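Residue numbers (the numbering used here), protein chains in the order written: chain A, 1 to 164; chain B, 1001 to 1175.
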């Protein structure tokens, strides 16, 4: 637990930029952008996940939806990460030991693994099931995991503020 | 704040709606963050439906999807999401009605929300009236673009104002 209890996290909280964000309207401003960006990450990935499950947008090939929507999810994710880091540094030492924050990071990592698995392992065979209905079980599992993990990220993220 | 608005808060204060909401919020373990997450996930559906459609109409996203097809497919998602938002939001609204109906940012939120909903409703109704209604000629297409731009702005402001309801209290009214 040395890493999480390191005094370095206190140093992060004392960076001039941390004080600037934490002591001004920058914090709520960053948080509103964070919530909007996070909602957009989930909203844009939702159509792809539901398509993988065979529930929505079934007229479109999976590859088309993925190509047109996932870049938007990534763009919003970058905004959410930057704004999230901006908030994190104002209370770094408390956040790293906050169980909700720890859950959030774990769930984010798992969502990333799920996405990477889809993209690097499954996607190369896309021509075999691009228009299939019902979709193969493997895709249903990936789509459900994505929905479940991203909802978990949102829940843990919201819970961070109730513990801190 | 207009009198009629603050009087809604006074009316709800102490009512059975308040005691019910407060009971749920304080008795069910983890209820506040869970309901807030439901509220945010429903906002995610708003983003994935009407906001995505707005971006499509403006020529920014999902070029392979047709506007009319997207409208009939996604608008029902918006209406269900808004119903979920209304229900999840009302727990907090009923729980502390005076807090909301005396908060100017909550007033702003509703002022953005009402035209956003009416605009979406108008867009949906006209789209149902005739196949490809919004793409029939350039005048309609430009109207659709104007609506999309305004709608995009309004939904972002609704979410923004929602988050600022909590902050305005301690930034501008230090206890």
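Just so you know, even glycine gets a beta-carbon here, dropped at the ideal spot from N, CA and C. In this text, all values refer to a predicted model and were calculated from it rather than measured experimentally.
Hey, out of the options, whose CA is closest to residue i's CA?
{"i": "residue 48(A)", "options": "14(A), 144(A), 112(A)", "result": "144(A)"}
{"i": "residue 1154(B)", "options": "1130(B), 1021(B), 1054(B), 1038(B)", "result": "1054(B)"}
{"i": "residue 1092(B)", "options": "1059(B), 1122(B), 1033(B)", "result": "1033(B)"}
{"i": "residue 83(A)", "options": "36(A), 97(A), 107(A), 57(A)", "result": "36(A)"}
{"i": "residue 1088(B)", "options": "1002(B), 1076(B), 1025(B), 1099(B)", "result": "1025(B)"}
{"i": "residue 1077(B)", "options": "5(A), 68(A), 57(A)", "result": "57(A)"}
{"i": "residue 140(A)", "options": "42(A), 62(A), 2(A)", "result": "62(A)"}
{"i": "residue 1070(B)", "options": "1057(B), 1079(B), 1080(B)", "result": "1057(B)"}
{"i": "residue 1156(B)", "options": "1009(B), 1043(B), 1006(B)", "result": "1043(B)"}
{"i": "residue 169(A)", "options": "137(A), 154(A), 92(A), 2(A)", "result": "Residue 169(A) is absent from the structure shown; chain A starts at 1 and stops at 164."}
{"i": "residue 1017(B)", "options": "1064(B), 1090(B), 1085(B), 1086(B)", "result": "1090(B)"}
{"i": "residue 40(A)", "options": "1035(B), 1038(B), 1094(B), 1048(B)", "result": "1048(B)"}
{"i": "residue 163(A)", "options": "42(A), 100(A), 70(A)", "result": "100(A)"}
Chain A partners of residue i, CB-CB under 9 Å?
{"i": "residue 1015(B)", "result": "By Cβ distance, chain A contributes nothing, its closest Cβ being about 26 Å from residue 1015(B), past 9 Å."}
{"i": "residue 1120(B)", "result": "In chain order: nothing, as chain A lies at least about 15 Å away."}
{"i": "residue 1047(B)", "result": "36, 39, 40, 41, 42, 43, 44, 46, 76"}
Determine the chain B residues that contact residue i at a beta-carbon separation under 7 Å, and present them in chain order.
{"i": "residue 158(A)", "result": "1033, 1036, 1037, 1040"}
{"i": "residue 154(A)", "result": "1037, 1040, 1041"}
{"i": "residue 133(A)", "result": "Near residue 133(A) there are no residues of chain B at all, since even the closest Cβ is about 16 Å away, more than 7 Å."}
{"i": "residue 72(A)", "result": "1061"}
{"i": "residue 145(A)", "result": "Those within 7 Å of residue 145(A) in chain B number zero; the least Cβ separation is about 16 Å."}
Going along chain B in order, which residues have a C-beta closer than 8 Å to the C-beta of residue i?
{"i": "residue 60(A)", "result": "1064, 1065"}
{"i": "residue 151(A)", "result": "1037, 1041"}
{"i": "residue 64(A)", "result": "1064"}
Applying the 10 Å Cβ sphere with the 16-neighbour rule, what's the burial state of residue i?
{"i": "residue 1175(B)", "result": "At residue 1175(B), the pLDDT of 49 sits below 50, so the modelled position is not reliable and the matter cannot be decided from this model."}
{"i": "residue 135(A)", "result": "buried"}
{"i": "residue 1027(B)", "result": "exposed"}
{"i": "residue 45(A)", "result": "buried"}
{"i": "residue 1051(B)", "result": "buried"}
{"i": "residue 121(A)", "result": "exposed"}
{"i": "residue 183(A)", "result": "It is not possible to answer for residue 183(A), since the shown part of chain A is limited to 1 through 164."}
{"i": "residue 20(A)", "result": "exposed"}
{"i": "residue 90(A)", "result": "buried"}
{"i": "residue 1161(B)", "result": "buried"}
{"i": "residue 60(A)", "result": "buried"}
{"i": "residue 124(A)", "result": "exposed"}
{"i": "residue 1125(B)", "result": "exposed"}
{"i": "residue 97(A)", "result": "exposed"}
{"i": "residue 1001(B)", "result": "exposed"}
{"i": "residue 1062(B)", "result": "buried"}
{"i": "residue 1008(B)", "result": "exposed"}
{"i": "residue 975(B)", "result": "Since the first residue shown for chain B is 1001 and the last is 1175, residue 975(B) is missing from the structure and cannot be characterised."}
{"i": "residue 1127(B)", "result": "buried"}
{"i": "residue 95(A)", "result": "buried"}
{"i": "residue 34(A)", "result": "buried"}
Report the neighbours of residue i on chain B: residues whose CB is nearer than 9 Å to its CB, in chain order.
{"i": "residue 162(A)", "result": "1030, 1032, 1033, 1036"}
{"i": "residue 53(A)", "result": "Under the 9 Å cutoff, chain B gives no residues; its nearest Cβ is about 14 Å from residue 53(A)."}
Quick one: list the residues of chain A neighbouring residue i, beta-carbon separation under 7 Å, in chain order.
{"i": "residue 1125(B)", "result": "None at all; the shortest Cβ gap to chain A is about 22 Å."}
{"i": "residue 1154(B)", "result": "In chain order: nothing, as chain A lies at least about 13 Å away."}
{"i": "residue 1044(B)", "result": "39, 42, 43, 46"}
{"i": "residue 1086(B)", "result": "The premise fails here: residue 1086(B) is roughly 17 Å from chain A at the closest Cβ pair, so nothing lies under 7 Å."}
Compute every distance between the C-beta of residue i and the non-hydrogen atoms of the ligand FMN, then say whether any falls below 7 Å.
{"i": "residue 1064(B)", "result": "Only the bare structure without any ligand can be found here, which leaves the ligand FMN out of the picture."}
Mind listing the chain A neighbours of residue i? Cutoff is C-beta to C-beta under 8 Å, in chain order.
{"i": "residue 1117(B)", "result": "Those within 8 Å of residue 1117(B) in chain A number zero; the least Cβ separation is about 17 Å."}
{"i": "residue 1160(B)", "result": "32, 36"}
{"i": "residue 1080(B)", "result": "Within chain A, no residue comes near residue 1080(B); the closest Cβ sits about 12 Å away, beyond 8 Å."}
{"i": "residue 1100(B)", "result": "Here the premise fails: no neighbours, minimum Cβ distance about 17 Å."}
Report the neighbours of residue i on chain D: residues whose CB is nearer than 9 Å to its CB, in chain order.
{"i": "residue 1108(B)", "result": "Considering every chain present, this structure includes no chain D. Its protein chains are A and B."}
Q. Using a beta-carbon distance cut-off of less than 7 Å, what residues from the region 76–109 of chain A approach chain B?
A. none
Q | Members of the region 21–46 of chain A near chain B, C-beta cut-off 7 Å | A | 25, 28, 31, 32, 35, 36, 39, 40, 42, 43, 44, 46
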